[in-house]
Each structure stands twice: as structure tokens, then as C-alpha cells.
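The structure under discussion appears below in the form of C-alpha cells.
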Amino acid sequence: MERIDPMKYLPGMEVLENSDIEEQVVRAMEEYDYNRYTADEVRRALAADYLTPEDFGALLSPAAEPFLEAMARRARAETRKHFGNSVLLFTPLYISNYCENHCVYCGFNRANKIRRAKLSEDGIRAEMEAIAKTGMEEVLILTGESRTMSGVEYIGRACEIARTYFKNVGIEVYPMNTDEYAYLHQRGADYVTVFQETYDRGGYERLHLAGHKRVFPYRLNAQERALRGGMRGVAFAALLGLCDFRKDAFAVGTHARAIQRRYPHAEISFSCPRLRPIINNDKINPKDVHERQLLQVMCAYRIFMPFAGLTISTRERVLFRDNVIGMCATKISAGVSTGIGSHTEEDTAGTGDSQFEISDGRSLEEVIAAIKSRGLQPVLNDYVYL
Amino acid sequence: MVIINGEPKDAAGKTVMELLASMKLLPERTAVIVEGEILPKSGYDRILADGETVEIIGFVGGG
Amino acid sequence: MADALVIAGHEFSSRFILGSGKFDLDLIRAAVEHAKAQIVTLALRRVNSFSGNILEHIPEGVTLLPNTSGARNAEEALKIARLAREAGCGGLIKIEVIRDSKYLLPDNYQTAKACEMLAKDGFIPLPYMYPDLYAARDMANAGAAAIMPLAAPIGSNQGLAAKQFIRILIEEIDLPIIVDAGIGKPSQACEAMEMGAAAVMANTAIATAGNIVEMAKAFRHAIIAGRTAYLAGTGRVLDRGSASSPLTGFIQD
Numbered sequence: 002m003e004r005i006d007p008m009k010y011l012p013g014m015e016v017l018e019n020s021d022i023e024e025q026v027v028r029a030m031e032e033y034d035y036n037r038y039t040a041d042e043v044r045r046a047l048a049a050d051y052l053t054p055e056d057f058g059a060l061l062s063p064a065a066e067p068f069l070e071a072m073a074r075r076a077r078a079e080t081r082k083h084f085g086n087s088v089l090l091f092t093p094l095y096i097s098n099y100c101e102n103h104c105v106y107c108g109f110n111r112a113n114k115i116r117r118a119k120l121s122e123d124g125i126r127a128e129m130e131a132i133a134k135t136g137m138e139e140v141l142i143l144t145g146e147s148r149t150m151s152g153v154e155y156i157g158r159a160c161e162i163a164r165t166y167f168k169n170v171g172i173e174v175y176p177m178n179t180d181e182y183a184y185l186h187q188r189g190a191d192y193v194t195v196f197q198e199t200y201d202r203g204g205y206e207r208l209h210l211a212g213h214k215r216v217f218p219y220r221l222n223a224q225e226r227a228l229r230g231g232m233r234g235v236a237f238a239a240l241l242g243l244c245d246f247r248k249d250a251f252a253v254g255t256h257a258r259a260i261q262r263r264y265p266h267a268e269i270s271f272s273c274p275r276l277r278p279i280i281n282n283d284k285i286n287p288k289d290v291h292e293r294q295l296l297q298v299m300c301a302y303r304i305f306m307p308f309a310g311l312t313i314s315t316r317e318r319v320l321f322r323d324n325v326i327g328m329c330a331t332k333i334s335a336g337v338s339t340g341i342g343s344h345t346e347e348d349t350a351g352t353g354d355s356q357f358e359i360s361d362g363r364s365l366e367e368v369i370a371a372i373k374s375r376g377l378q379p380v381l382n383d384y385v386y387l
Numbered sequence: 011m012v013i014i015n016g017e018p019k020d021a022a023g024k025t026v027m028e029l030l031a032s033m034k035l036l037p038e039r040t041a042v043i044v045e046g047e048i049l050p051k052s053g054y055d056r057i058l059a060d061g062e063t064v065e066i067i068g069f070v071g072g073g
Numbered sequence: 265m266a267d268a269l270v271i272a273g274h275e276f277s278s279r280f281i282l283g284s285g286k287f288d289l290d291l292i293r294a295a296v297e298h299a300k301a302q303i304v305t306l307a308l309r310r311v312n313s314f315s316g317n318i319l320e321h322i323p324e325g326v327t328l329l330p331n332t333s334g335a336r337n338a339e340e341a342l343k344i345a346r347l348a349r350e351a352g353c354g355g356l357i358k359i360e361v362i363r364d365s366k367y368l369l370p371d372n373y374q375t376a377k378a379c380e381m382l383a384k385d386g387f388i389p390l391p392y393m394y395p396d397l398y399a400a401r402d403m404a405n406a407g408a409a410a411i412m413p414l415a416a417p418i419g420s421n422q423g424l425a426a427k428q429f430i431r432i433l434i435e436e437i438d439l440p441i442i443v444d445a446g447i448g449k450p451s452q453a454c455e456a457m458e459m460g461a462a463a464v465m466a467n468t469a470i471a472t473a474g475n476i477v478e479m480a481k482a483f484r485h486a487i488i489a490g491r492t493a494y495l496a497g498t499g500r501v502l503d504r505g506s507a508s509s510p511l512t513g514f515i516q517d
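So this is what it looks like as C-alpha cells:
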């Protein structure tokens, strides 16, 4: 099969003018050599009032592993300073799992024989109603990446419906052009999450065999287009463990910082997914990203950009999730079910299969109780639309 | 009479260059405003006419 | 050049910018030499045959940085900058727009406007400003080559009264931050450099010192000390001592 050039934009993909963010990120990542840091540099980074990218690099290095406890303490102090006791809650809602991409690590990939489904408008309404009934005020709308099966208008309709049930609506869908982001913003979405998966161009090419997602720079510039389209906030992530996780985490931080400096009004947040077992492919396992490394990355993000949001993944186990809120994470999902239609179907698997296995299926009520038991304050919504 | 830096001076008929020389000012380190407009160096052979206003600007100490 | 101060491509080994106001002309040369300053600011005024030529008192090779003092709005700043150019200065201009005769605080709005106008006219603007993040961003976007926040009201010798706000500019603005105005003592200049200022500008503190030459020297050493400390990375004692119950005890695998 002929593969498309991952560095070349496909027809219809907007090329951002006047942006050097991709270049900055890729260069910083290429130059990042995590093996050259020493314990002294880690100590200095931990003591600095404001961290430089160099300090961030030190905190992500193997030299920082013995300092994980000190990092956790500094991270907790920063989280308390910037977010107080509050922990935000949201529920992700998968409305379609059709996908045109072939990402070798993903359960939704087009070569996988899974049950495909897409919610109708009524289906979306029913799911959202079920979620809203639990008391949830923020929803994150997710789709597989198919412009054909879940077009921009379809997503826009979902956003409109969402705004009748929720106070805050985020989207985690395929990357799109500035005008499309503006359209979805107008329909009620106000923050955009795009996982770059990996910032390593070579690795990216090997892992993304086909589909529009194969185009590396178009994905990397999604956050910038979203902000130019008027979105309030953007989230960044690498799927840790796909490639060299330390370099990827450094690139995520560099990317977020570059965007924050260029778009100072933007709300910035991080997600920290790592590889989990996926259906029809049990062989992929996190190789080098154990909980210890994951926590190191999360604390490094927090200390480097103390004002940024940080969402703890549903893929992590309950005890891990409960311990990182208030320490480095500021946002946690609840009432999660990653199948399509699974919030209303009798069979909790829904009619379409999930992208990955989740480790925390607790309801909103249960998560709220867990947050409170740690002396923290659950917050269902912290933003008022004007 | 030509109004130079706010004071009437008997300079009508002189060129700007001559005026600066009489004031012991270096033309390359001085700026001249005639009738409200900055005069380019190429215009320093301009002959000042009676009633014109001229400002002679140079560097002084400042922070 | 190792650790050069770079302003719009111009390199300087000294991070001490000396103002030339309030000096007896005879003392300026000694002050510049002992300060080892490579940039000296000047003002523009009406001159006459008795003014004396300050330029004769400034050593060769020193970069002259004319300011726009006297300007009350952006248009006047542009006019003064053009006069400076006509009088033989390079493109570097310190923008100073002041509309308050009591406190002499710079007007950020007019200063940002002036940055834009001067940059369009081919100048390299270095705006003297009140340390406000938004204004600094506007000035940077308008073409400023460095930002010159005041530490305290000009001539007040109060030191780093605006420290926390200057620190924010140092963190957020990708241009040299030159602390200007209000620095009264070498220790204050050192503190500014220690926190990452690119340079310090001083005038009154030296011009009004008991011994001008010795104070110029003291400032030079203080600025070098602060810069060196910044580059060395100040070591601090971790005040986050280890607690009996670790935060990371929950980790598995």
C-alpha cells in the first residue's frame, strides 16, 4: 500500500501562517538530552522559584527519579497555591467510534474489526441526559477520527445539544481548520484537546500508517488553530510509552509553553495518557512508563507550568488517581464509560466497542466522596459563559 | 530678525551652515528645525529669511 | 562574545547603562570609564554656543542612546527620535513619554503607540515603561528591542519597589529587560541582575554620589556580581523537608 508523506499537508488542510511553534518544539525536543543532567541540577530546579525549560528538562530526567518525593511535595505546594483545594470533574462522552486512521496502537483503528457505532441526535440527547442527571456539569465530547462519519456539523450539533445539558463543553476530535474550530466554538464548545501521541517525527510515521492523522504537522498545529478560532483553552498530551517518553514529555511542555507565550489569554492544560491494553491486541504494554515515571512526568508538568490544568487519565487505577488529585492533577473524570451509547444501553458495553479499557468506572457520586475524603473540594464547573 | 531658539537674532541672510558655525556647533551632531519642519542636512545651505523661526537641537545630559 | 548583552543584534559586554543627566560635564568621562559602560543615554534640547558639547566628554566607542524625554505623547516622541537621527545617532532610541510632572511616571499607552510609530520609521525602540505585562507585550509586538521597566519613580533612589512586577516581565517577555530608574544603591542593582535582568541603567544614584568615580565603580562591580550569581544559579536550601508520611507511597509496579 502506498503511504502518504507524513510531512505534507493534504488538500483542504489549512497551513498556519506566521507560526514557528512546530519548529520550536521539534528543535527543543531534538536537543533535549536527558542523560546529561545531574542530581545537583535537579536540586536546583526544585529550588528555583520559576522554572526555565532547562529546569523542566532536569525534572524529567532519570537523575530526578530519586527526587520523586521532593517533586511531589513541590507539586502539591504549587497545586495548592494556584488551585486551592478544588478538583474539577467532567465526564467524557464517546459519540462515534468510526475512524479513518490506522494507528497501530489504537483499538479504534480502521483495520480493527470492532463494533462500529455512531449516536443519532436522539442518542446523543439520551446519553447526555443520563450523564446530566448524575449532576455532572461538564462534558467532553469524543469521536473517532472520521470526517465522513462524524463531520464538523455533526459534532457541532452535539455541542449545541450539550450546551442545553452542561455548563462547559470540551471536544476531543480530529484536528480541523481554524474556521471549523470557530464554528464549533459558536456551537458551544470552548476547549479543545488534541493528543499529539508522539512528537518524534520518525516514530510518528511508523505508528500512524494511514489516514489524515498521518500528517504530523497538521496535528501539531491544532491547538494554535483552535485558539485562533476563538477557543478558550487547549489541552496537550503525548501518549507516553509510544516512543521515548521523556523526550515526548519535554516536547509537550515545550509546546504548551510556546503556545502560552504566544497566546497569553489561552487556558492551558495537560493530559497524561500512557499505553494501556487495548482490545484485539494484548501485546502492547507500557514498557518504560511505570507509575513512578508517570508521576514524575505529571509532577514535572505541574512544577514547570504551575498555573496549567492537569487531567488524570481514566486509564489509571483508582488509588493512583485519588492520590494525584490535589498533588499535581486538577481535573478528574467520573461516570466514565468509553463504549458508544453505554450510558443508556442496558448492556453497559453499549452498541459500539471502546477505545481502551478503563481502570476507574466509579460514578460521579463515588468520585465526589473520594475527593471529599481527601479534604479537597469537588467543583463541577468553574467558568461562566458571557 | 530670525527667531532662534525662541529669541530674535540678527541672522537673516545667513545660511543654516553659517549660523551653526557662528554658534560653534557641529552640523553632523546637530538637528535643525525651520518653520516647524526638520531640515535635512542637504538643506543646510538654505538662506534664513526675516521672520522665520529656527530651533537648534543638540545633545545634552539625560537619563 | 561570552555572555553578551544583545540588543537588536548589537552586542555589549557591559550590562551597565549610564545616564548622563545631572553631571558636571568634566566628570562624565571618568564616570563612564570607571563604570565601564558601553551605552550612555542622552537627551535632546535646544542648544546654544554656551551649552558645551557633551559628546566631547563621552569616550570613543561608547554607544549613544538618545532618549525622547520631553515628549508628552507618541507623536512628540517620534519627532524627537527623528531629531536624534538628524543629529547623527544610530537607530537605538530610548522612548520616554511622560505626562505627569509630579511623579514623572511613564505613560504606557502612549509609549506603546510610540514603539509602533518609531519601529515603522526604522528606529529600534527601547521603551522606558511602568512594569505592566500587557503593556510590555504590546511594546514587544510593536517592535521594541528591549523593555526598560522602572524599578521605582525616577530619581527616587528607592530601589526595586516594583520587583515582583519586573520579575514577571523577565519571565514572560522574550526580550532583554533593562531595569531603569529608581535604583539608588549598588546592592539594588545587584539584586535586579540576580533575578535575571539583562542590564541596569542608573544615573541619579551616581551623579549625586559623594564620590562619583567610586560610585560608578561600585555599580559596575555590583552589576557584574549580580549577573554572575544569576548565571551560576543561586543555590537555595530546600525548605520542604521530608515528612513522616511520604506522598508517593501509593506507587505500584
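Residue numbers (our numbering), protein chains in the order written: chain A, 2 to 387; chain B, 11 to 73; chain C, 265 to 517. We treat Cβ as the ideally placed atom computed from N, Cα and C, and that holds for glycine.
Take Asp21(A), set aside five residues on each side of it, and no residue of its chain has a beta-carbon closer than 6 Å to its own. Scanning chain C for C-beta atoms nearer than 8 Å to the C-beta of Leu58(B) yields nothing, as the closest lies near 16 Å away. The beta carbon of Phe57(A) does not come within 8 Å of any beta carbon belonging to chain C, so the residue lies off that interface. Taking each of Glu146(A), Arg158(A), Leu311(A) in turn and checking the Cα distance to Ile125(A), the smallest one comes out for Arg158(A). Three or more beta-carbon pairs separated by less than 8 Å link the region 451-460 of chain C to the region 430-441 of chain C, which places the two stretches in contact.
Taking 3 residues as the shortest admissible run, the region 74-103 of chain A contains the following complete beta strand (DSSP E) segments, listed from N- to C-terminal end: 87-97. Residues of chain C whose Cβ lies closer than 8 Å to the Cβ of Lys34(B) are, in chain order, Ser313. With a beta-carbon spacing of about 6 Å, Leu276(A) and Tyr106(A) fall inside the 8 Å limit used to define contacts. At a cut-off of 8 Å between beta carbons, Ala307(C) contacts chain B. When 7 Å is used as the limit between beta carbons, Ser333(C) is near these residues of chain B: Gly72, in chain order. Around Arg491(C), no beta-carbon contact reaches into chain A at under 8 Å, the shortest distance being about 16 Å.
In terms of Cβ geometry, Val88(A) and Val380(A) form a close pair [threshold 8 Å]. Taking a beta-carbon distance threshold of 8 Å, Leu60(A) does not count as an interface residue toward chain C.
Annotated three-state conformation of Thr331(A) is coil, per DSSP. For Thr305(C), the uninterrupted beta strand (DSSP E) run begins and ends at 303-310, by DSSP. Inter-segment contact for the region 170-180 of chain A and the region 217-226 of chain A is present: three or more beta-carbon pairs are separated by less than 8 Å. In the DSSP assignment, the residues bridged to Pro389(C) are Ile357(C). If you check each beta-carbon in the region 353-366 of chain C against every beta-carbon of chain A, none falls closer than 9 Å. Judged by DSSP secondary structure, Phe280(C) falls within the beta strand (DSSP E) whose first and last residues are 280-283.
Sequence-distant partners of Arg111(A) (beyond 5 residues in either direction) whose C-beta falls short of 8 Å from its own C-beta, in its chain, are Cys100, Glu101, Asn102, His103, Ala211, Gly212.
Phe321(A) and Ala64(A) have their C-alpha atoms spaced approximately 23 Å apart. Positions of the alpha helix (DSSP H) runs, each at least 4 residues long and wholly inside the region 142-226 of chain A, are given as 153-166, 179-187, 202-208, 217-221 in order along the chain. Under the Cβ criterion (8 Å, minimum of three pairs), the region 11-26 of chain A does not count as touching the region 39-47 of chain A. Gly46(B) and Asn15(B) have their alpha carbons spaced roughly 12 Å apart.
Within chain C, no residue has its CB atom less than 8 Å from the CB of Gly53(B), the nearest being about 11 Å off. Not a single CB atom of chain C sits nearer than 8 Å to the CB of Thr63(B). In terms of beta-carbon proximity, Asn19(A) stays away from the interface with chain C, with every pair separated by 8 Å or more.
Along the region 240-271 of chain A, the positions whose C-beta sits under 8 Å from a C-beta of chain C are Arg262, Pro265, read in chain order. With 16 or more other CB atoms across the displayed protein chains lying within 10 angstroms of its CB, Arg215(A) is buried. Leaving aside the five residues that flank Leu368(C) on each side, the residues in its chain whose CB is nearer than 7 Å to its CB run, in chain order, Ile362, Pro417, Ile418. Taking every protein chain shown into account, the CB of Asp371(C) has 16 or more other CB atoms within 10 angstroms, so this residue is buried. Per DSSP, reduced to three states, the secondary structure at Leu17(A) is coil, with no helix or strand assignment. Chain-order list of chain C residues neighbouring Tyr51(A): Glu435, by C-beta distance under 7 Å. Within the region 32-46 of chain A, the residues whose Cβ lies closer than 8 Å to some Cβ of chain C are Arg44, Arg45, listed in chain order.
Using a Cβ-Cβ cut-off of 8 Å, Met328(A) counts as an interface residue toward chain C, since at least one Cβ of chain C sits closer than that to its own. Cβ-Cβ separation between Leu356(C) and Thr327(C): approximately 7 Å, consistent with a contact (criterion under 8 Å).
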